[in-house]
Amino acid sequence: MNKPDEPLDQKLAQHFKERKARTTLTSTQQKALLNTATHTKPKKFGFTLQLTSLACALGVFAFIVFDNNNVINTEPKTVLNSVLKTIDIHDYSIIKTHEINQAGSYASSITEQKHALDSQLANDLRRHQQRHIEYGTLVKVDNDWYIASCNDEVLVQIKQSLLNDLKGKHAVESNINTGDILAMAHNGKGQIIALKHAGAGVRQCGA
Amino acid sequence: MLLSIKSWLFETPSKDCMASYAKSGENRYLEQLIALYSNDLYHYLVTQSNTHLAYDVSQQTWLKVIEKRHLYQAQTTPKAWLFKLARNTLIDEYRRQQHFVELDENTHLAAQNDKSENNLNSGDLTSKDSHIGSSNISYEAFDAALKQLSFVQREAITLQQEGFSLTDIELITQSSLETIKTRLRYAKQNLKRLLGANNEQA
Numbered sequence: 005m006n007k008p009d010e011p012l013d014q015k016l017a018q019h020f021k022e023r024k025a026r027t028t029l030t031s032t033q034q035k036a037l038l039n040t041a042t043h044t045k046p047k048k049f050g051f052t053l054q055l056t057s058l059a060c061a062l063g064v065f066a067f068i069v070f071d072n073n074n075v076i077n078t079e080p081k082t083v084l085n086s087v088l089k090t091i092d093i094h095d096y097s098i099i100k101t102h103e104i105n106q107a108g109s110y111a112s113s114i115t116e117q118k119h120a121l122d123s124q125l126a127n128d129l130r131r132h133q134q135r136h137i138e139y140g141t142l143v144k145v146d147n148d149w150y151i152a153s154c155n156d157e158v159l160v161q162i163k164q165s166l167l168n169d170l171k172g173k174h175a176v177e178s179n180i181n182t183g184d185i186l187a188m189a190h191n192g193k194g195q196i197i198a199l200k201h202a203g204a205g206v207r208q209c210g211a
Numbered sequence: 028m029l030l031s032i033k034s035w036l037f038e039t040p041s042k043d044c045m046a047s048y049a050k051s052g053e054n055r056y057l058e059q060l061i062a063l064y065s066n067d068l069y070h071y072l073v074t075q076s077n078t079h080l081a082y083d084v085s086q087q088t089w090l091k092v093i094e095k096r097h098l099y100q101a102q103t104t105p106k107a108w109l110f111k112l113a114r115n116t117l118i119d120e121y122r123r124q125q126h127f128v129e130l131d132e133n134t135h136l137a138a139q140n141d142k143s144e145n146n147l148n149s150g151d152l153t154s155k156d157s158h159i160g161s162s163n164i165s166y167e168a169f170d171a172a173l174k175q176l177s178f179v180q181r182e183a184i185t186l187q188q189e190g191f192s193l194t195d196i197e198l199i200t201q202s203s204l205e206t207i208k209t210r211l212r213y214a215k216q217n218l219k220r221l222l223g224a225n226n227e228q229a
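Right, here's the structure in full:
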């Protein structure tokens with residue numbers, strides 16, 4: 005049994021078949037369409053690509069600039085100074101380091117070269133041994149004497165054993181009180197061999 | 028190895044050229060698409076407008092395919108996706124020209140007849156030149172009746188005759204299934220009415 009619309013459906017199908025056959029693009033139109041389509045580049049995609057490329061280029065540029073600024077060159081020990089003269093980092097006995105540490109706070113430290121410290125120690129020892137008379141203020145007396153040296157920020161502690169030895173040799177002047185400026189006589193080995201008042205010429209450290 | 032050489036030498040068009048084009052953007056796939064669908068698309072657009080506007084919209088549609096190829100999903104029927112683009116472009120064009128067009132059931136956007144068709148009137152329903160089947164309804168008469176349908180009814184019937192399933196038409200027109208069925212039913216009723224006694228004869 006046929007459906008009521010079947011004749012119409014057949015006619016429609018026939019009509020559209022014929023209609024499609026009649027309604028086609030001419031070969032010129034089709035060529036033009038093909039030409040337009042295949043020679044057109046997607047504008048938005050191109051624009052997006054350009055933006056992406058620009059962003060990448062800027063990123064690379066920024067990376068190069070900032071990376072050069074932050075680089076820590078650990079390899080070379082010499083750098084060029086302003087007058088194009090090479091200097092050795094070991095010429096400096098003290099290196100002050102300033103940085104932002106991992107906690108994010110400002111920190112500074114001083115790195116002293118070992119060889120510089122060694123030579124400084126040797127010099128100090130030599131000066132100490134060569135100095136025959138050292139001045140200082142007697143700051144405290146208990147069993148030991150504590151004399152604050154005038155030349156260096158050094159506190160000299162003279163143990164009771166040495167005091168007794170020096171007193172036995174009559175090498176300690178009498179009437180020495182706290183606050184007096186004393187003269188400490190040294191031998192060639194830097195050992196204290198006598199203690200006495202500094203005298204009228206030396207009333208205070210630095211005089 | 029031999030198989031790959033054979034496939035290279037006798038390369039057959041991909042089943043879904045649109046998917047291949049969306050993926051690669053190569054012009055050869057676009058050329059295949061144009062060869063496959065350009066006439067069908069043009070016919071649909073002519074049915075919904077006129078030859079001049081149809082060609083113009085057809086060009087715009089292919090340019091949109093180039094621009095929006097990344098939006099194509101392989102699950103969609105390529106032809107349906109193409110027709111959807113064309114339909115939207117055509118409606119945009121109508122709205123641009125006529126300021127605003129509401130595409131309800133009664134909106135009649137009758138395609139502008141070409142010069143030869145303008146001479147037709149209801150009295151020409153039985154042309155001597157061309158006949159459909161065994162009936163006396165001429166091609167021109169059938170075409171005139173078709174063009175008197177509303178935009179959406181003509182569209183539904185054209186898409187159905189183009190071979191689209193109801194689901195495809197749903198995708199193209201962005202309407203519900205029931206709406207499409209209703210449009211098809213009314214379109215046929217109106218065609219019958221317009222063709223009058225000639226249709227009854229069949």
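Going line by line, the protein sequences match chains U and D.
Here the working numbering is used: the first residue of the first sequence is 5, the next is one more, and so on.
Here the working numbering is used: the first residue of the second sequence is 28, the next is one more, and so on.
In this text, a Cβ means the ideal position worked out from N, Cα and C, and glycines have one as well.
A quick note: this is a predicted structure, and the numbers were derived from the prediction, not measured.
Reference residue i, options the options, closest by Cα
{"i": "A101 of chain D", "options": "D:K50, D:A168 and D:Y69", "result": "D:K50"}
{"i": "D146 of chain U", "options": "U:K200, U:T44 and U:N181", "result": "U:N181"}
{"i": "Y166 of chain D", "options": "U:Q14, U:Q106, U:Q18 and U:Q195", "result": "U:Q18"}
{"i": "A152 of chain U", "options": "U:L199, U:C209 and U:G192", "result": "U:C209"}
{"i": "A202 of chain U", "options": "U:E138, U:H174 and U:L55", "result": "U:E138"}
{"i": "T209 of chain D", "options": "D:W108, D:L173 and D:R181", "result": "D:R181"}
{"i": "Y71 of chain D", "options": "D:K95, D:D43 and D:T185", "result": "D:T185"}
{"i": "E177 of chain U", "options": "U:K163, U:I197, U:L159 and U:V158", "result": "U:I197"}
{"i": "K111 of chain D", "options": "D:L204, D:K91 and D:H97", "result": "D:K91"}
{"i": "L198 of chain D", "options": "D:L63, D:E53 and D:N115", "result": "D:N115"}
{"i": "A171 of chain D", "options": "D:N217, D:L63, D:L117 and D:D67", "result": "D:N217"}
{"i": "S165 of chain U", "options": "U:S123, U:H43 and U:K173", "result": "U:K173"}
{"i": "M45 of chain D", "options": "D:K95, D:L80 and D:D67", "result": "D:K95"}
{"i": "K15 of chain U", "options": "D:F178, D:I196, D:L173 and D:S177", "result": "D:L173"}
{"i": "A183 of chain D", "options": "D:Q175, D:F169, D:L80 and D:A214", "result": "D:A214"}
{"i": "L98 of chain D", "options": "D:S47, D:S65 and D:R123", "result": "D:S47"}
{"i": "L176 of chain D", "options": "D:L57, D:Q59, D:L222 and D:I196", "result": "D:L222"}
{"i": "Y82 of chain D", "options": "U:F70, U:F67, U:A36 and U:I68", "result": "U:A36"}
Run of the beta strand (DSSP E) containing residue i, from where it starts to where it stops
{"i": "V160 of chain U", "result": "L159 to I162"}
{"i": "K200 of chain U", "result": "I196 to H201"}
{"i": "A152 of chain U", "result": "W149 to S153"}
{"i": "H19 of chain U", "result": "No beta strand (DSSP E) contains H19 of chain U, which is instead part of the alpha helix (DSSP H) from E10 to R26."}
{"i": "I180 of chain U", "result": "Element bounds for I180 of chain U: n/a, residue is neither H nor E."}
{"i": "A62 of chain D", "result": "No beta strand (DSSP E) contains A62 of chain D, which is instead part of the alpha helix (DSSP H) from N54 to Q75."}
{"i": "H190 of chain U", "result": "I185 to H190"}
Where the alpha helix (DSSP H) containing residue i begins and where it ends
{"i": "A216 of chain U", "result": "This structure gives no information on residue 216 of chain U, because the portion of chain U shown stretches from 5 to 211."}
{"i": "S47 of chain D", "result": "C44 to S51"}
{"i": "Y82 of chain D", "result": "T78 to K95"}
Where residue i falls: helix, strand or coil (DSSP)
{"i": "I118 of chain D", "result": "helix"}
{"i": "T141 of chain U", "result": "strand"}
{"i": "E103 of chain U", "result": "strand"}
{"i": "I184 of chain D", "result": "helix"}
{"i": "S113 of chain U", "result": "strand"}
{"i": "S202 of chain D", "result": "coil"}
{"i": "S165 of chain D", "result": "strand"}
{"i": "L167 of chain U", "result": "helix"}
{"i": "G190 of chain D", "result": "coil"}
{"i": "D195 of chain D", "result": "helix"}
{"i": "Q100 of chain D", "result": "coil"}
{"i": "Q175 of chain D", "result": "coil"}
{"i": "G63 of chain U", "result": "helix"}
{"i": "G223 of chain D", "result": "coil"}
{"i": "G108 of chain U", "result": "coil"}
{"i": "K111 of chain D", "result": "helix"}
{"i": "E208 of chain D", "result": "Correcting the residue identity first, residue 208 of chain D is Lys in this sequence and not Glu. Three-state result, K208 of chain D: helix."}
{"i": "H174 of chain U", "result": "coil"}
Distance cut-off 7 Å: residue i Cβ against heavy atoms of the ligand NAP
{"i": "F169 of chain D", "result": "As presented, the structure is devoid of all ligands, the ligand NAP included, so that no description of it is given."}
Mind the definition here: the stretch 182-200 of chain D touches the stretch 93-111 of chain D only if three or more C-beta pairs lie below 8 Å; say whether that holds.
-> Three or more pairs of CB atoms, one per stretch, sit closer than 8 Å, so the stretch 182-200 of chain D contacts the stretch 93-111 of chain D.
Cβ pair count under 8 Å reaching 3, the stretch 50-69 of chain U against the stretch 59-73 of chain D = no
Would you check if there are 3 or more beta carbon pairs closer than 8 Å linking the stretch 201-221 of chain D to the stretch 80-94 of chain D?
-> no
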